[in-house]
Amino acid sequence: MERHFEQDLAELRADIVRMGHLVDEQLAGACRALFSGDTSLAAHVIARDTEVDRYDTLIEERCQKYFALTAPVATDLRLLMAALMIDTQLERMGDIAVNIAERVAPLAAHQKVLGGTRIEEMTSAALTMVRESLDSFIRGDAGLARRVVEADALVDEIDRELLGRVIGLMEHDIALVTPGVHILLLSRHIERLADHATNVAEDVIFLVEARVVKHALRGGDTASL
Amino acid sequence: MTTGPLPLQPKISTSTLSVLYGAKAAVKNVSLDIPANKVTAFIGPSGCGKSTFLRSFNRMNDLIEGAHIEGSVRIDGVDIYDRGIDVVELRKRVGMIFQRSNPFPKSIYDNIAYGPRVNGIRDRKRLDEIVESALRRSAIWDEVKDDLGKSALALSGGQQQRLCIARALAVDPSVLLMDEPASALDPTATGKIEELIYELKDRYTIVIVTHNMQQAARVSDLTAFFYLGELVEFDETRKIFTAPSHRQTEEYITGRFG
């Protein structure tokens, strides 16, 4: 029997996917601006964050309505819970796109210093995690979600290596302290971005398998996967 | 059929139980252990056999011509369909609450005292104690204590249902069977019955049949889903309503059924 609620849930899913695409575009734009020193693109990203926030409000309101009116259970319940949790992660990823965009101007004149670190590799790994976490939601693919969780270890590893390298650069040349601090802040944003992608992936595993894995899988412990 | 973890000593235990009306089986080959001092809910579409199954626990089906059972029902380890079983005694131990409240056309007091009097209790002080205790446990004492001589039929529907629960408690049962106990009540009266069920489970084993899925979710510890006379899934209510193991259960509780 086709339920009219089915259409509501399909619309909710579509909103999450649309929000995910927007956040992905925001992140890609912020990173492109960063590595090209394009401050006008950075400004565009910052201005567009209000669109992400609108989706956040829309999805929260939809979920609140469905919780109140439909008393959801089983897969319906998990979808609404996952939608709320993923929405929160996406909204924070949107904020990180803004954070990255805000570093574009201070780092525009320091492309060479940027290029001397693994920040681009770290960014690329984190963006791949974001995209694959969204793909895992769209396809209901818990296997792909698990691979996203595993991928976080590489981002963490680059983050640690980058910290040591940038401190070394700053100790060696006091003129590099300002860009160095910005790069360290940037690496903090990227590391958090990868964490949010991991959270989305864990929410997808919850949605698909009805298992809460988020604390079992932390710290690179994937033995219980 | 899937069952979750259950204690070693069930209060009620059915083994390959079938209940037949003539040649037609309303309940088919159901084996189920119901733990003591828990609320167990039976859910399923109309005609799935859940009420028939419930009524087999105090042999109410005996009253229907042509009804008979195969398999066994044990309560506290005793086969209640054994020849030596006194059915009146059984129904004292296994009380039943129906969809429509059915108070006797007597006073509130006499409704509650009826069972104890049939059991030979004549001492007024003792009867007073039993009546008060049963009404208190049914969360209706404060509403009727000054009016015990009033006709039970003058009470509201929700009060009448709690009175019927008090009447069942007055003969000191250990099991309470409830067949859609709140389906004829408004939300406030339903809420009171549900609170009462929650309060009572410390002292009684409660089995409830309900069409109201949210009621099953709210009041029960364990839920059994029946379909076409068969037990499809039995597990902790939390599990049934968040991650059921069977597709049929999932489709039924989410309203995709049929």
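Residue numbers (the numbering used here), protein chains in the order written: chain A, 19 to 243; chain B, 659 to 916. Heads up, the beta-carbon is just placed ideally off N, CA and C, and yes, glycines get one too. Small disclaimer: the values here were computed from a predicted structure and weren't measured.
Whether residue i touches residue j by CB criterion (8 Å)
{"i": "S671 of chain B", "j": "G729 of chain B", "result": "no"}
{"i": "A828 of chain B", "j": "A797 of chain B", "result": "no"}
{"i": "S142 of chain A", "j": "D177 of chain A", "result": "no"}
{"i": "K850 of chain B", "j": "R820 of chain B", "result": "yes"}
{"i": "A169 of chain A", "j": "M147 of chain A", "result": "yes"}
{"i": "V173 of chain A", "j": "A212 of chain A", "result": "yes"}
{"i": "L834 of chain B", "j": "Y862 of chain B", "result": "yes"}
{"i": "I64 of chain A", "j": "A119 of chain A", "result": "yes"}
{"i": "A699 of chain B", "j": "A840 of chain B", "result": "no"}
{"i": "L889 of chain B", "j": "V736 of chain B", "result": "no"}
{"i": "Y73 of chain A", "j": "L40 of chain A", "result": "yes"}
{"i": "L145 of chain A", "j": "L27 of chain A", "result": "no"}
{"i": "P831 of chain B", "j": "V752 of chain B", "result": "yes"}
{"i": "F892 of chain B", "j": "L690 of chain B", "result": "yes"}
{"i": "A92 of chain A", "j": "E908 of chain B", "result": "yes"}
{"i": "E227 of chain A", "j": "A160 of chain A", "result": "yes"}
{"i": "V677 of chain B", "j": "I743 of chain B", "result": "no"}
{"i": "I766 of chain B", "j": "T868 of chain B", "result": "no"}
{"i": "S154 of chain A", "j": "V222 of chain A", "result": "yes"}
{"i": "A847 of chain B", "j": "G816 of chain B", "result": "yes"}
Buried or exposed by the 16-neighbour rule on C-beta atoms within 10 Å, applied to residue i
{"i": "D805 of chain B", "result": "exposed"}
{"i": "D191 of chain A", "result": "exposed"}
{"i": "S759 of chain B", "result": "buried"}
{"i": "G773 of chain B", "result": "buried"}
{"i": "P845 of chain B", "result": "exposed"}
{"i": "R795 of chain B", "result": "buried"}
{"i": "S704 of chain B", "result": "exposed"}
{"i": "S58 of chain A", "result": "exposed"}
{"i": "Q107 of chain A", "result": "buried"}
{"i": "P763 of chain B", "result": "exposed"}
{"i": "L854 of chain B", "result": "buried"}
{"i": "S878 of chain B", "result": "buried"}
{"i": "E838 of chain B", "result": "buried"}
{"i": "K808 of chain B", "result": "exposed"}
{"i": "R782 of chain B", "result": "exposed"}
{"i": "Q872 of chain B", "result": "exposed"}
{"i": "H207 of chain A", "result": "buried"}
{"i": "R229 of chain A", "result": "exposed"}
{"i": "S54 of chain A", "result": "exposed"}
{"i": "G724 of chain B", "result": "exposed"}
{"i": "E852 of chain B", "result": "buried"}
{"i": "E79 of chain A", "result": "exposed"}
{"i": "I185 of chain A", "result": "exposed"}
{"i": "T68 of chain A", "result": "exposed"}
{"i": "V746 of chain B", "result": "exposed"}
{"i": "H214 of chain A", "result": "buried"}
{"i": "L638 of chain B", "result": "In the structure displayed, chain B extends from 659 to 916; residue 638 of chain B sits before or after that span and is not available."}
Proximity test, Cβ basis, 8 Å: residue i and chain A
{"i": "A828 of chain B", "result": "no"}
{"i": "Q906 of chain B", "result": "no"}
{"i": "P638 of chain B", "result": "This structure cannot settle anything about residue 638 of chain B, because the visible part of chain B is limited to 659 through 916."}
{"i": "I911 of chain B", "result": "yes"}
{"i": "F700 of chain B", "result": "no"}
{"i": "A901 of chain B", "result": "yes"}
{"i": "R914 of chain B", "result": "yes"}
{"i": "Q872 of chain B", "result": "yes"}
{"i": "C706 of chain B", "result": "no"}
Contact with chain B by residue i, beta-carbon distance below 8 Å
{"i": "D94 of chain A", "result": "yes"}
{"i": "A228 of chain A", "result": "yes"}
{"i": "R21 of chain A", "result": "yes"}
{"i": "V91 of chain A", "result": "yes"}
{"i": "A241 of chain A", "result": "Any reading at A241 of chain A needs caution, since the residue's pLDDT is 46, under 50, leaving its predicted position unreliable; the model's value is listed next. Not closer than 8 Å to any Cβ of chain B, the Cβ of A241 of chain A fails to qualify, so no."}
The ligand ZN heavy atom lying under 7 Å from the CB of residue i
{"i": "R794 of chain B", "result": "Judged by which ligands are present, the structure shown has none, so any question about the ligand ZN falls away."}
Short CB-CB distance (under 8 Å) between residue i and chain E
{"i": "Y84 of chain A", "result": "Structure shown: chain E not included; protein chains present are A and B."}
| Runs of beta strand (DSSP E) wholly within the region 713-798 of chain B (minimum 3 residues, chain order) | 725-733 and 752-755
| said: Counting beta carbon pairs with one atom in the region 107-125 of chain A and one in the region 19-31 of chain A, are three or more of them shorter than 8 Å? | reply: no
| message | Pairs of beta-carbons, one from the region 737-750 of chain B and one from the region 714-721 of chain B, closer than 8 Å: are there three or more? | response | yes
| task | Answer yes if the region 158-167 of chain A comes into contact with the region 127-140 of chain A, meaning at least three C-beta pairs across the two stretches below 8 Å, and no otherwise. | result | no
| message | My parser needs the alpha helix (DSSP H) runs of 4 or more residues fully inside the region 823-902 of chain B; what are they? | response | 845-858, 871-877 and 895-900
| message | List, from N- to C-terminal side, the alpha helix (DSSP H) runs of 4 residues or more that fit wholly inside the region 114-185 of chain A. | response | 129-133 and 137-157
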